[in-house]
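Enquirer:
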Amino acid sequence: MSASASAEHGYGTVRHGDVEDGKPFSDDETREVHDDGPTSETSSVHVQDGVKRVEAITSVWSKNTMVVMSILLYLVSFVDTLLQSVQGALTPYVTSSFKAHSLLGVTDILAVILGGVCNLAIAKVIDIWGRAEGFAVMILFIIVGMIMKAACINVEMFAAANSIYWVGHIGVQYVVQIIYADMTTLRNRMVLFGLLQLPTIAATFGGPKIADLFYTHSNFRWAFGAFCIIIPVFAAPVVVVFFYSKRKAQREGKFPERVKTRSYWDSVKHYAVEFDVVGMFLTIFGWSLLLLPFSLVQYAPHGWKTGYIIAMIVVGVVLLVGFVIWERFFATVQYFPFKHLKDRSVLGACLVYGFMFLSIFTWDTYYYSYLQVVHDLSITNASYVLNAFSLMSSIIGPLTGVLIRYHGYYKWPSIGMTPFAVLGTALLVYFRTPSSHVGYLVMCQLFNGIYSGVWAITAQLAIMANITHQETAVALALYGLFGSIGAAIGQAIAGGIWTNTLPQQFYKNLPAELKSNATEIYADITLQLGYPMGSPARDAIILSYGHVQRIFVIVGCSFLPLCILCLFLWRNINVKDMESKERRKKGNVL
19 MSASASAEHG
29 YGTVRHGDVE
39 DGKPFSDDET
49 REVHDDGPTS
59 ETSSVHVQDG
69 VKRVEAITSV
79 WSKNTMVVMS
89 ILLYLVSFVD
99 TLLQSVQGAL
109 TPYVTSSFKA
119 HSLLGVTDIL
129 AVILGGVCNL
139 AIAKVIDIWG
149 RAEGFAVMIL
159 FIIVGMIMKA
169 ACINVEMFAA
179 ANSIYWVGHI
189 GVQYVVQIIY
199 ADMTTLRNRM
209 VLFGLLQLPT
219 IAATFGGPKI
229 ADLFYTHSNF
239 RWAFGAFCII
249 IPVFAAPVVV
259 VFFYSKRKAQ
269 REGKFPERVK
279 TRSYWDSVKH
289 YAVEFDVVGM
299 FLTIFGWSLL
309 LLPFSLVQYA
319 PHGWKTGYII
329 AMIVVGVVLL
339 VGFVIWERFF
349 ATVQYFPFKH
359 LKDRSVLGAC
369 LVYGFMFLSI
379 FTWDTYYYSY
389 LQVVHDLSIT
399 NASYVLNAFS
409 LMSSIIGPLT
419 GVLIRYHGYY
429 KWPSIGMTPF
439 AVLGTALLVY
449 FRTPSSHVGY
459 LVMCQLFNGI
469 YSGVWAITAQ
479 LAIMANITHQ
489 ETAVALALYG
499 LFGSIGAAIG
509 QAIAGGIWTN
519 TLPQQFYKNL
529 PAELKSNATE
539 IYADITLQLG
549 YPMGSPARDA
559 IILSYGHVQR
569 IFVIVGCSFL
579 PLCILCLFLW
589 RNINVKDMES
599 KERRKKGNVL
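Numbering (our numbering) for the sequence shown: 19 to 608.
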């Protein structure tokens with residue numbers, strides 16, 4: 019991937035209107051932006067074919083076409099978000115149907131790592147081949163994943179299906195954001211990015227109810243099968259608009275045609291190098307082997323002393339070290355864009371996202387099961403409480419976008435969210451207990467949704483304000499990778515605590531006549547829910563869940579200070595001052 023900036027296609031160097039903490043940049047700071055990074059207008063950049071094509075396509079779009087495309091992409095995002103809500107509510111029951119409820123974290127770790135790592139590959143696909151091609155491939159991944167989920171016969175097949183689906187899900191949301199970035203200025207982009215979160219409101223209430231209806235009146239397989247039809251119906255119009263616009267750009271002589279100069283095998287070798295397949299696999303297998311043992315150790319015959327557990331950790335570390343060596347000394351085209359991390363705003367934004375997800379996923383991974391078992395909530399009501407977090411994030415996102423559009427700055431609104439972050443996370447320790455009223459749990463979810471909703475929006479802006487159009491796809495993919503790795507580590511920590519603590523708590527607290535069934539009860543949430551509230555068995559299960567949940571929230575809280583400190587790495591750029599320059603460089607934009 020090309021490394022430097024372009025005056026023709028980039029957002030340009032930060033100039034006179036930009037301030038740091040309310041003061042003009044010093045000469046040294048200006049040189050940092052100009053020389054180190056991707057933001058220099060004076061440096062040259064090789065603009066890849068996919069970027070040229072999307073610029074040609076958007077150049078023939080009228081304002082009406084842009085509005086139509088925005089609506090179509092919004093509908094795709096809505097259906098994808100609804101699917102995520104439905105399948106998220108059903109997943110504990112799918113794993114329990116295979117007597118593997120405790121492997122819930124394992125299936126998520128695999129999916130999240132794969133989804134995050136593949137985003138950088140997707141960035142290369144859409145930069146080399148085009149946005150429409152990348153969008154279509156991601157939709158195909160979702161469909162294949164849903165078909166496999168509907169037909170799964172064991173937890174291994176479900177984990178594989180979930181990984182394929184997650185690559186598609188993350189990929190679709192990512193490509194939609196990139197297309198929005200193609201047709202907007204920075205000042206207006208955050209409004210559209212915020213609006214992309216609004217489908218979460220409907221999904222919060224509709225998804226759990228749909229999941230409940232399928233589970234009660236049919237089964238989880240039909241839920242997954244239904245979306246195999248729904249998703250392509252909503253995605254097809256987007257591809258049609260792209261195809262029509264491509265033909266129009268070709269007629270006007272604006273569309274760069276692809277000239278085939280390589281044989282089939284030469285193309286295979288070319289793209290293997292271009293996508294840095296070696297680096298990609300080293301990353302995927304390295305993180306997977308390092309993190310999975312924390313969830314699998316409970317099933318190992320000798321615990322942490324088991325040979326394959328030790329081997330997985332050692333090999334995982336070796337592969338990650340090998341990845342750094344490969345990228346530094348051997349990769350012809352680097353998979354991981356280390357150069358972007360030289361910019362402190364980009365690095366700070368990525369770290370904020372990573373630490374935020376690390377904190378959240380530590381206390382959130384098994385929260386859905388906790389709500390059902392401890393507070394006796396139905397599928398629908400447990401999902402409502404769980405999704406109150408996302409609901410608040412989706413409401414605060416558009417408001418943040420509007421604020422930035424008129425105010426121009428993004429750093430201090432982000433720092434202003436610190437009280438909500440501290441309050442929402444710290445109160446989890448006090449209220450995440452079996453004796454607490456559900457209303458207090460919702461309150462904590464709302465507080466956490468406020469700060470995370472703002473940070474998720476402003477962190478992306480902190481990146482995009484310091485890069486060029488050519489580099490947007492890769493930089494946002496890097497941002498997503500940090501989030502995925504943070505989430506995967508959080509899930510690994512949660513899985514390790516769960517598998518190494520809950521079985522012992524069950525055996526300790528269950529009545530004597532049920533101690534022999536502790537392992538079976540631990541593996542199946544439906545068995546846990548089968549004991550009536552107030553019975554000795556259910557009380558023992560609730561006590562065990564409460565003990566483990568307290569560990570989750572204490573560990574999760576410990577990562578929040580790192581997240582807050584990283585906010586101060588950001589530059590305080592006024593994006594309003596960059597708008598006229600963007601309109602000159604990018605042409606037809608909103």
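Glycine included, every Cβ here is placed at the ideal spot set by N, Cα and C.
1) At 3 residues or longer, and completely inside the stretch 472 to 527: list those beta strand (DSSP E) runs for me, N to C.
2) State the CB to CB distance for the pair residue 15 and residue 196, rounded to an integer number of angstroms; the pair is presumed to be in contact (CB under 8 Å).
3) Starting from residue 252, follow the alpha helix (DSSP H) in both directions and report where the run begins and ends.
4) Less than 8 Å between the beta carbons of residue 380 and residue 130, yes or no?
5) Do the CB positions of residue 569 and residue 537 come within less than 8 Å of each other?
6) Taking the straight line between their C-alpha atoms, what separation do you get for residue 482 and residue 200?
7) When the Cα atoms are used, what is the spatial distance from residue 293 to residue 152?
8) With 16 as the cutoff for other CB atoms within 10 Å, does residue 169 come out buried or exposed?
9) Measure the C-alpha to C-alpha separation of residue 109 and residue 508 and round it to an integer number of angstroms.
10) Give the DSSP-derived three-state secondary structure of residue 330 in the structure shown.
11) Of all the options 565, 498 and 526, which has the alpha carbon lying nearest to the alpha carbon of residue 355?
12) Within the same chain, show all residues whose beta-carbon is closer than 6 Å to that of residue 141, passing over the 5 residues directly before and after it, in chain order.
13) Rounded to whole angstroms, what's the CA-CA distance from residue 98 to residue 525? Just pull it up for me.
14) Assuming residue 98 is part of the alpha helix (DSSP H), what are its boundary residues?
15) Look up residue 380 in the DSSP assignment and say whether it is helix, strand or coil.
16) Quick one: using the 10 Å Cβ neighbour count with 16 as the cut-off for buried, is residue 288 buried or exposed?
17) Keeping to the same chain, check which residues put their C-beta closer than 7 Å to that of residue 462; ignore five residues upstream and five downstream.
18) Let me know the secondary structure DSSP gives residue 588 once reduced to three states.
19) With DSSP as the reference, label residue 448 as helix, strand or coil.
20) Go through the stretch 143 to 172 residue by residue and report every complete run of the alpha helix (DSSP H) that reaches 4 residues or more, in order.
21) Could you check the C-alpha separation between residue 557 and residue 389 for me, to the nearest Å?
22) What did DSSP end up calling residue 427 once you bin it into helix, strand or coil?
23) Closest to residue 413 by CA distance: which of 91, 514, 212 and 111 is it?
24) Starting from the C-beta of residue 473, find all residues in its chain whose C-beta is less than 7 Å away, skip the five residues before and the five after it, and write them out in chain order.
25) Decide if residue 234 is buried, meaning its Cβ has at least 16 other Cβ atoms within 10 Å, or exposed.
26) In three-state DSSP terms, what is residue 358?
27) Rounded to the nearest angstrom, what separates residue 480 and residue 372 at their Cα positions?
28) Would you say the stretch 213 to 233 touches the stretch 395 to 415, given that touching needs at least three Cβ pairs under 8 Å?
29) I'd like to check one pair, residue 559 with residue 546: are the Cβ atoms closer than 8 Å?
30) Beta-carbon within less than 7 Å of residue 139's beta-carbon, same chain only, minus the 5 sequence neighbours each way: which residues are those?
31) What would DSSP say about residue 593, mapped onto helix, strand or coil?
32) Just the C-alpha distance for residue 346 and residue 359, rounded to the nearest angstrom, thanks.
33) Near residue 338, what residues of its chain come up, given a Cβ to Cβ distance below 6 Å and the 5 sequence neighbours on each side ignored?
34) Can you give me the start and stop residues for the alpha helix (DSSP H) that residue 567 sits inside?
35) Just mark residue 189 as buried or exposed, buried being the case when its beta carbon has 16 or more other beta carbons within 10 Å.
36) Using a 10 Å radius around the Cβ and a threshold of 16 neighbouring Cβ atoms, would you call residue 588 buried or exposed?
Expert: This is what the structure gives:
1) none
2) No answer is possible for residue 15: the residues shown for the chain start at 19 and end at 608.
3) Taking the first residue of the sequence shown as position 1, residue 252 is located at position 234. First-last of the alpha helix (DSSP H) with residue 252: 238 to 269.
4) Looking up residue 380 in the sequence shown gives position 362. Looking up residue 130 in the sequence shown gives position 112. In this structure, residue 130 does not lie closer than 8 Å to residue 380 by Cβ.
5) Your numbering for residue 569 matches position 551 in the sequence shown. Your numbering for residue 537 matches position 519 in the sequence shown. Their beta carbons are not under 8 Å apart, which means residue 569 does not touch residue 537 by this criterion.
6) By 1-based counting over the sequence shown, the position of residue 482 is 464. By 1-based counting over the sequence shown, the position of residue 200 is 182. Using only the alpha carbons, I get a separation of about 12 Å.
7) Here residue 293 refers to the residue found at position 275 when the sequence shown is read from its first residue. Here residue 152 refers to the residue found at position 134 when the sequence shown is read from its first residue. Near 14 Å, if we compare the C-alpha coordinates of residue 152 and residue 293.
8) Taking the sequence shown and counting its residues from 1, the one referred to as residue 169 is at position 151. Burial call: exposed.
9) Here residue 109 refers to the residue found at position 91 when the sequence shown is read from its first residue. Here residue 508 refers to the residue found at position 490 when the sequence shown is read from its first residue. About 18 Å.
10) Residue mapping note: residue 330 aligns to position 312 of the sequence shown, counting from 1. Reduced to three states, the DSSP call for residue 330 is helix.
11) Position 337 of the sequence shown, counted from the first residue, corresponds to residue 355. Nearest C-alpha to residue 355: 498.
12) As a working mapping, residue 141 is identified with position 123 in the sequence shown. 491, 492 and 495.
13) Counting from one through the sequence shown, the residue named residue 98 turns up at place 80. Counting from one through the sequence shown, the residue named residue 525 turns up at place 507. If I take the Cα positions, the gap works out to 41 Å.
14) By 1-based counting over the sequence shown, the position of residue 98 is 80. Taken as a continuous stretch (DSSP letters only), the alpha helix (DSSP H) holding residue 98 covers 81 to 115.
15) Start at 1 with the first residue of the sequence shown, and residue 380 comes out as number 362. Helix, per DSSP.
16) For this step, residue 288 is matched to residue 270 along the sequence shown. Exposed, since its Cβ has fewer than 16 Cβ neighbours within 10 Å.
17) Start at 1 with the first residue of the sequence shown, and residue 462 comes out as number 444. Cβ within range, chain order: 442, 445, 446 and 449.
18) Numbered from its first residue, the sequence shown carries residue 588 at position 570. Residue 588: coil per DSSP, three-state reduction.
19) The count along the sequence shown starts at 1 and reaches residue 448 at position 430. Reduced to three states, the DSSP call for residue 448 is helix.
20) 149 to 169
21) Counted from its first residue, the sequence shown places residue 557 at position 539. Counted from its first residue, the sequence shown places residue 389 at position 371. So the two alpha carbons sit approximately 14 Å from each other.
22) The sequence position of residue 427 within the sequence shown is 409, counting from 1. Reduced to three states, the DSSP call for residue 427 is coil.
23) By 1-based counting over the sequence shown, the position of residue 413 is 395. Ranking 91, 514, 212 and 111 by Cα distance to residue 413 puts 212 first.
24) Here residue 473 corresponds to residue number 455 of the sequence shown, with the count starting at 1. These residues qualify, in order along the chain: 370, 374, 432 and 435.
25) Your numbering for residue 234 matches position 216 in the sequence shown. It counts as exposed.
26) Here residue 358 refers to the residue found at position 340 of the sequence shown. The answer is helix: DSSP assigns residue 358 an H, G or I state.
27) Within the sequence shown, the letter at position 462 stands for residue 480. Within the sequence shown, the letter at position 354 stands for residue 372. C-alpha separation (whole angstroms): 15 Å.
28) Verdict: yes, contact present.
29) Position 528 of the sequence shown, counted from the first residue, corresponds to residue 546. Position 541 of the sequence shown, counted from the first residue, corresponds to residue 559. A contact, by the Cβ cut-off of 8 Å.
30) Counting from 1 along the sequence shown, the entry for residue 139 is found at position 121. Counting only Cβ-Cβ distances below 7 Å, and skipping sequence neighbours, we find 293 and 298.
31) Residue 593 sits at position 575 when you count from the first residue of the sequence shown. Helix at residue 593.
32) One-based indexing of the sequence shown puts residue 346 at position 328. One-based indexing of the sequence shown puts residue 359 at position 341. Computed Cα separation, rounded: 14 Å.
33) In the sequence shown, counting from the first residue as 1, residue 338 sits at position 320. Cβ neighbours of residue 338 beyond the five flanking positions: 304.
34) The count along the sequence shown starts at 1 and reaches residue 567 at position 549. Segment 554 to 575, the alpha helix (DSSP H) holding residue 567.
35) The residue labelled residue 189 in the question sits at position 171 within the sequence shown. The residue is buried, with at least 16 neighbouring Cβ atoms inside 10 Å.
36) Along the sequence shown, one-based indexing puts residue 588 at 570. Answer is buried; the Cβ neighbour count reaches 16.
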